[in-house]
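Undergrad: Everything in the sequence shown is counted per the UniProt record's numbering, starting at 1 for the first residue and increasing by one. Positions of the beta carbon are idealized from the N, C-alpha and C atoms, including for glycine. Below are the C-alpha coordinates for one structure; questions will follow.
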Amino acid sequence: MRSVVMIPARYASSRYPGKPLVNLLGKPMVLWVAELSAKAVGKENVYVATESERIYEVVESAGFNAVMTTDDALTGTDRLAQAAEKVQADIYINVQGDEALVDPADILKVRDAKLDNMNDVINGFSWISDDEDPYNINIPKVISTEDNKLIYMSRAALPGFKDPKCAPIRYKKQVCIYAFTREELSSFRAFGRKSKLEFSEDIEILRFLEIGKTIRLIETKSGSLAVDVPEDVIKVESAMRKVGMR
1 MRSVVMIPAR YASSRYPGKP LVNLLGKPMV LWVAELSAKA VGKENVYVAT ESERIYEVVE
61 SAGFNAVMTT DDALTGTDRL AQAAEKVQAD IYINVQGDEA LVDPADILKV RDAKLDNMND
121 VINGFSWISD DEDPYNINIP KVISTEDNKL IYMSRAALPG FKDPKCAPIR YKKQVCIYAF
181 TREELSSFRA FGRKSKLEFS EDIEILRFLE IGKTIRLIET KSGSLAVDVP EDVIKVESAM
241 RKVGMR
(Lines of atoms letter the chains of each structure in order from A and count residues from 1; the text may use other names and numbers.)
(Lines give C-alpha, C1' and ligand atoms only; values in the text may rest on other atoms or scores of the structure.)
Protein backbone atom coordinates (compact mmCIF):
# COMPACT_ATOMS: atom_id res chain seq x y z
CA MET A 1 0.00 0.00 0.00
CA ARG A 2 1.68 3.20 -1.16
CA SER A 3 0.78 6.39 0.70
CA VAL A 4 1.72 9.79 -0.67
CA VAL A 5 1.32 13.30 0.67
CA MET A 6 -0.07 15.81 -1.79
CA ILE A 7 0.12 19.49 -0.94
CA PRO A 8 -2.24 21.74 -2.91
CA ALA A 9 -0.50 25.07 -3.48
CA ARG A 10 -2.42 27.70 -5.40
CA TYR A 11 -0.59 30.92 -6.16
CA ALA A 12 -3.73 32.86 -7.09
CA SER A 13 -5.33 32.64 -3.65
CA SER A 14 -8.26 35.06 -3.38
CA ARG A 15 -7.58 35.97 0.26
CA TYR A 16 -3.78 35.90 0.12
CA PRO A 17 -2.21 35.86 -3.37
CA GLY A 18 1.13 34.07 -3.45
CA LYS A 19 0.53 32.53 -0.03
CA PRO A 20 2.45 29.25 -0.63
CA LEU A 21 5.63 31.27 -1.22
CA VAL A 22 5.27 33.57 1.78
CA ASN A 23 8.54 33.73 3.70
CA LEU A 24 8.50 32.05 7.11
CA LEU A 25 11.80 32.24 9.00
CA GLY A 26 13.65 32.64 5.71
CA LYS A 27 12.00 29.82 3.76
CA PRO A 28 8.89 29.61 1.54
CA MET A 29 5.97 28.20 3.52
CA VAL A 30 5.26 25.39 1.05
CA LEU A 31 8.79 24.03 1.61
CA TRP A 32 8.27 23.91 5.38
CA VAL A 33 5.16 21.84 4.78
CA ALA A 34 6.95 19.59 2.28
CA GLU A 35 9.88 18.98 4.64
CA LEU A 36 7.61 18.09 7.55
CA SER A 37 5.56 15.80 5.30
CA ALA A 38 8.76 14.08 4.16
CA LYS A 39 9.51 13.18 7.78
CA ALA A 40 6.28 11.18 7.75
CA VAL A 41 6.29 9.45 4.36
CA GLY A 42 9.73 10.07 2.85
CA LYS A 43 10.74 12.78 0.40
CA GLU A 44 10.04 10.60 -2.63
CA ASN A 45 6.40 10.34 -1.55
CA VAL A 46 5.73 14.08 -1.22
CA TYR A 47 4.15 15.99 -4.11
CA VAL A 48 3.09 19.62 -4.47
CA ALA A 49 0.10 20.14 -6.77
CA THR A 50 0.06 23.64 -8.24
CA GLU A 51 -1.16 25.74 -11.15
CA SER A 52 1.84 28.05 -10.80
CA GLU A 53 5.10 27.62 -12.70
CA ARG A 54 6.74 29.81 -10.07
CA ILE A 55 5.74 27.46 -7.23
CA TYR A 56 6.62 24.46 -9.41
CA GLU A 57 10.17 25.75 -9.90
CA VAL A 58 10.68 26.53 -6.19
CA VAL A 59 9.53 23.04 -5.22
CA GLU A 60 11.57 21.22 -7.87
CA SER A 61 14.67 23.28 -7.05
CA ALA A 62 14.38 22.10 -3.44
CA GLY A 63 14.34 18.48 -4.59
CA PHE A 64 10.64 17.77 -4.11
CA ASN A 65 8.12 16.45 -6.62
CA ALA A 66 5.74 18.94 -8.22
CA VAL A 67 2.68 18.24 -10.35
CA MET A 68 1.17 20.88 -12.62
CA THR A 69 -2.60 21.21 -12.55
CA THR A 70 -5.00 23.53 -14.32
CA ASP A 71 -5.75 26.99 -13.01
CA ASP A 72 -9.50 26.38 -12.91
CA ALA A 73 -9.63 23.74 -10.15
CA LEU A 74 -12.59 24.61 -7.93
CA THR A 75 -10.84 23.70 -4.67
CA GLY A 76 -7.65 22.21 -3.32
CA THR A 77 -9.31 18.79 -3.30
CA ASP A 78 -10.24 19.16 -6.97
CA ARG A 79 -6.59 20.05 -7.59
CA LEU A 80 -5.55 16.88 -5.77
CA ALA A 81 -7.95 14.84 -7.86
CA GLN A 82 -6.22 16.16 -10.98
CA ALA A 83 -2.77 15.41 -9.58
CA ALA A 84 -3.80 11.92 -8.42
CA GLU A 85 -4.41 10.97 -12.05
CA LYS A 86 -0.67 11.41 -12.61
CA VAL A 87 0.62 9.74 -9.43
CA GLN A 88 -0.02 6.09 -8.60
CA ALA A 89 -0.80 5.44 -4.94
CA ASP A 90 -3.31 3.67 -2.71
CA ILE A 91 -3.77 6.52 -0.24
CA TYR A 92 -3.52 10.23 -0.99
CA ILE A 93 -2.95 12.38 2.09
CA ASN A 94 -3.84 16.02 1.62
CA VAL A 95 -1.73 18.32 3.79
CA GLN A 96 -2.63 21.96 3.28
CA GLY A 97 0.17 24.20 2.07
CA ASP A 98 -0.46 26.74 4.83
CA GLU A 99 0.05 24.27 7.71
CA ALA A 100 3.71 25.11 8.44
CA LEU A 101 3.43 23.58 11.91
CA VAL A 102 1.99 20.26 10.82
CA ASP A 103 3.21 17.38 12.98
CA PRO A 104 4.54 14.39 10.98
CA ALA A 105 3.08 12.11 13.65
CA ASP A 106 -0.37 13.50 12.86
CA ILE A 107 0.11 12.77 9.16
CA LEU A 108 0.89 9.16 10.05
CA LYS A 109 -2.06 9.05 12.43
CA VAL A 110 -4.41 10.09 9.62
CA ARG A 111 -2.77 7.61 7.24
CA ASP A 112 -3.16 4.75 9.72
CA ALA A 113 -6.81 5.65 10.28
CA LYS A 114 -7.33 5.43 6.53
CA LEU A 115 -5.63 2.04 6.39
CA ASP A 116 -8.10 0.84 9.03
CA ASN A 117 -11.11 2.47 7.33
CA MET A 118 -10.52 2.41 3.60
CA ASN A 119 -14.17 3.16 2.81
CA ASP A 120 -14.20 6.38 4.86
CA VAL A 121 -12.72 9.79 4.15
CA ILE A 122 -10.43 10.77 7.04
CA ASN A 123 -10.06 14.32 8.37
CA GLY A 124 -8.13 15.66 11.34
CA PHE A 125 -9.53 17.78 14.13
CA SER A 126 -8.32 19.35 17.36
CA TRP A 127 -9.84 21.36 20.17
CA ILE A 128 -9.86 25.13 19.83
CA SER A 129 -7.40 26.59 22.32
CA ASP A 130 -8.13 29.30 24.87
CA ASP A 131 -6.31 31.91 22.80
CA GLU A 132 -8.38 31.18 19.68
CA ASP A 133 -11.79 32.70 19.00
CA PRO A 134 -14.50 30.20 18.03
CA TYR A 135 -16.32 33.08 16.31
CA ASN A 136 -13.39 33.59 13.93
CA ILE A 137 -14.76 32.74 10.49
CA ASN A 138 -11.32 31.58 9.34
CA ILE A 139 -11.58 28.60 11.71
CA PRO A 140 -13.99 25.87 10.49
CA LYS A 141 -15.80 24.39 13.48
CA VAL A 142 -16.56 20.67 13.52
CA ILE A 143 -19.85 19.08 14.55
CA SER A 144 -19.58 15.33 15.00
CA THR A 145 -21.24 12.35 16.57
CA GLU A 146 -19.79 11.15 19.85
CA ASP A 147 -17.81 8.52 17.95
CA ASN A 148 -16.26 11.27 15.77
CA LYS A 149 -18.12 10.91 12.52
CA LEU A 150 -18.71 14.25 10.82
CA ILE A 151 -22.24 15.65 10.91
CA TYR A 152 -21.42 19.16 9.68
CA MET A 153 -18.68 21.75 9.55
CA SER A 154 -19.22 25.51 9.73
CA ARG A 155 -17.50 28.86 9.99
CA ALA A 156 -20.14 29.77 12.57
CA ALA A 157 -19.51 28.94 16.24
CA LEU A 158 -21.26 25.60 16.46
CA PRO A 159 -22.83 23.77 18.21
CA GLY A 160 -25.34 26.47 19.05
CA PHE A 161 -27.33 26.71 22.24
CA LYS A 162 -30.67 28.06 23.42
CA ASP A 163 -29.80 28.45 27.09
CA PRO A 164 -26.37 29.83 28.12
CA LYS A 165 -26.04 27.03 30.67
CA CYS A 166 -26.06 24.59 27.75
CA ALA A 167 -23.25 26.33 25.87
CA PRO A 168 -20.45 23.98 24.80
CA ILE A 169 -17.46 23.95 27.10
CA ARG A 170 -15.12 23.81 24.12
CA TYR A 171 -15.25 23.62 20.35
CA LYS A 172 -13.67 21.31 17.80
CA LYS A 173 -11.91 22.76 14.77
CA GLN A 174 -10.86 21.22 11.50
CA VAL A 175 -7.19 20.36 11.02
CA CYS A 176 -6.43 20.26 7.31
CA ILE A 177 -4.97 16.80 6.99
CA TYR A 178 -7.16 14.45 4.97
CA ALA A 179 -6.82 10.95 3.49
CA PHE A 180 -8.55 9.70 0.35
CA THR A 181 -8.41 6.97 -2.25
CA ARG A 182 -8.17 7.89 -5.92
CA GLU A 183 -11.79 6.75 -6.38
CA GLU A 184 -12.97 9.14 -3.66
CA LEU A 185 -11.09 12.01 -5.25
CA SER A 186 -12.52 11.15 -8.67
CA SER A 187 -16.07 11.06 -7.27
CA PHE A 188 -15.52 14.40 -5.56
CA ARG A 189 -14.37 16.02 -8.79
CA ALA A 190 -17.08 14.32 -10.86
CA PHE A 191 -19.74 16.12 -8.80
CA GLY A 192 -18.82 18.94 -11.16
CA ARG A 193 -19.54 21.92 -8.93
CA LYS A 194 -19.45 23.12 -5.36
CA SER A 195 -22.39 21.81 -3.36
CA LYS A 196 -24.75 24.42 -1.95
CA LEU A 197 -23.44 24.04 1.60
CA GLU A 198 -19.85 23.92 0.40
CA PHE A 199 -20.41 27.16 -1.53
CA SER A 200 -21.99 28.94 1.45
CA GLU A 201 -19.43 27.84 4.02
CA ASP A 202 -16.42 27.70 1.66
CA ILE A 203 -15.52 24.33 3.22
CA GLU A 204 -14.84 21.74 0.54
CA ILE A 205 -15.05 18.63 2.76
CA LEU A 206 -18.82 19.18 2.86
CA ARG A 207 -19.09 17.99 -0.75
CA PHE A 208 -18.26 14.47 0.39
CA LEU A 209 -21.48 14.45 2.44
CA GLU A 210 -23.43 15.12 -0.76
CA ILE A 211 -21.93 12.03 -2.42
CA GLY A 212 -22.72 9.86 0.59
CA LYS A 213 -19.28 9.41 2.09
CA THR A 214 -18.71 8.85 5.79
CA ILE A 215 -16.10 11.29 7.09
CA ARG A 216 -14.23 9.91 10.07
CA LEU A 217 -12.53 12.48 12.30
CA ILE A 218 -9.19 11.75 13.91
CA GLU A 219 -7.92 13.87 16.78
CA THR A 220 -4.55 15.48 16.20
CA LYS A 221 -2.38 17.49 18.53
CA SER A 222 -3.62 20.87 19.65
CA GLY A 223 -1.88 24.12 18.78
CA SER A 224 -2.22 23.85 15.01
CA LEU A 225 -1.93 27.26 13.34
CA ALA A 226 -2.44 28.01 9.67
CA VAL A 227 -1.61 31.09 7.63
CA ASP A 228 -5.00 32.22 6.35
CA VAL A 229 -4.32 35.96 6.03
CA PRO A 230 -1.14 38.10 6.11
CA GLU A 231 -1.73 38.96 9.79
CA ASP A 232 -1.21 35.28 10.66
CA VAL A 233 2.45 35.26 9.59
CA ILE A 234 3.79 36.82 12.81
CA LYS A 235 1.79 34.39 14.98
CA VAL A 236 2.93 31.36 13.00
CA GLU A 237 6.60 32.43 12.98
CA SER A 238 6.44 32.95 16.73
CA ALA A 239 4.98 29.47 17.20
CA MET A 240 7.65 27.98 14.92
CA ARG A 241 10.42 29.57 17.01
CA LYS A 242 8.89 28.18 20.19
CA VAL A 243 9.16 24.63 18.90
CA GLY A 244 12.72 25.17 17.67
CA MET A 245 12.12 25.41 13.93
CA ARG A 246 14.85 27.32 12.13
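#1: Please state if the CB of Y11 and the CB of L24 are separated by a distance shorter than 9 Å.
#2: Between which two residues does the beta strand (DSSP E) holding R54 run?
#3: How should P8 be labelled, buried or exposed, when 16 other C-beta atoms within 10 angstroms of its C-beta is the threshold for buried?
#4: Do K165 and K141 have their C-beta atoms closer together than 9 Å?
#5: Tell me where the beta strand (DSSP E) around N189 begins and ends.
#6: Using the three-state DSSP reduction, which class does L150 fall into: helix, strand or coil?
#7: Which residues bound the alpha helix (DSSP H) around residue 298?
#8: Per DSSP, T50 forms a beta bridge with which residues?
#9: State whether the stretch 235-243 contacts the stretch 103-112, with contact taken as three or more CB pairs (one from each stretch) at a distance under 8 Å.
#10: Measure the alpha-carbon distance for T145 versus T214 and round it to whole angstroms.
#11: Out of curiosity, what's the CA-to-CA distance linking T220 and E99?
#12: Looking at the structure shown, is L25 part of a helix, part of a strand, or coil, going by DSSP?
#13: Between the Cα of L31 and those of A167, C176, V95, spot the shortest distance and give me the residue it belongs to.
#14: Output needed for E201: all residues of its chain with C-beta closer than 8 Å, excluding positions within five of it in sequence on either side, in chain order.
#15: Can you find the residues in the same chain that come closer than 6 Å, C-beta to C-beta, to N148, ignoring five residues on each side of it along the sequence?
#16: Comparing alpha-carbon positions, which option in M6, T75, K27, S52 lies nearest E44?
#17: Between the alpha carbons of D72 and E183, how many angstroms are there, rounded?
#18: State the start and end residues of the unbroken beta strand (DSSP E) segment that holds I107.
#19: With distances taken between CB atoms, is the gap from F180 to T77 smaller than 9 Å?
TA: Let's see:
#1: As a first step, residue 24 must be located in the sequence shown, where it is residue number 24. As a first step, residue 11 must be located in the sequence shown, where it is residue number 11. Taking the C-beta atoms as reference points, Y11 is found no nearer than 9 Å to L24.
#2: Here residue 54 corresponds to residue number 54 of the sequence shown, with the count starting at 1. No beta strand (DSSP E) contains R54, which is instead part of the alpha helix (DSSP H) from 53-61.
#3: Sequence index remark: in the sequence shown, residue 8 carries index 8 (1-based). It counts as buried.
#4: The sequence position of residue 165 within the sequence shown is 165, counting from 1. The sequence position of residue 141 within the sequence shown is 141, counting from 1. No. Outside cutoff.
#5: Along the sequence shown, one-based indexing puts residue 189 at 189. In the sequence under discussion, the amino acid at residue 189 is Arg, which differs from the Asn named in the question. It is not in any beta strand (DSSP E) - R189 instead sits in the alpha helix (DSSP H) that spans 182-190.
#6: Numbered from its first residue, the sequence shown carries residue 150 at position 150. It is a strand residue.
#7: Within the shown structure, residues of the chain are numbered from 1 to 246, placing residue 298 beyond reach of any answer.
#8: As a working note, residue 50 is residue 50 in the sequence shown. Paired residues: A9, M68.
#9: Taking 8 Å as the limit for Cβ pairs, the verdict is that the stretch 103-112 does not touch the stretch 235-243.
#10: Here residue 145 refers to the residue found at position 145 of the sequence shown. Here residue 214 refers to the residue found at position 214 of the sequence shown. For T145 and T214, the distance between alpha carbons rounds to 12 Å.
#11: Residue 220 sits at position 220 when you count from the first residue of the sequence shown. Residue 99 sits at position 99 when you count from the first residue of the sequence shown. Whole-angstrom Cα-Cα distance: 13 Å.
#12: Mapped onto the sequence shown, residue 25 falls at position 25. L25: coil per DSSP, three-state reduction.
#13: In the sequence shown, residue 31 corresponds to position 31, counting from 1. In terms of Cα proximity to L31, the closest of A167, C176, V95 is V95.
#14: As a working mapping, residue 201 is identified with position 201 in the sequence shown. Here the set comprises P140, M153, S154, R155.
#15: In the sequence shown, the residue the question calls residue 148 occupies position 148. Same-chain partners within the cutoff: L217.
#16: For the purposes of this step, residue 44 is identified with residue 44 of the sequence shown, where counting begins at 1. For E44, the closest of M6, T75, K27, S52 by C-alpha to C-alpha distance is M6.
#17: Looking up residue 72 in the sequence shown gives position 72. Looking up residue 183 in the sequence shown gives position 183. Computed Cα separation, rounded: 21 Å.
#18: For this step, residue 107 is matched to residue 107 along the sequence shown. Unbroken run through I107 is the alpha helix (DSSP H), 104-116; no beta strand (DSSP E).
#19: Counting from 1 along the sequence shown, the entry for residue 180 is found at position 180. Counting from 1 along the sequence shown, the entry for residue 77 is found at position 77. Against a cut-off of 9 Å, the Cβ pair of T77 and F180 comes out as a contact.
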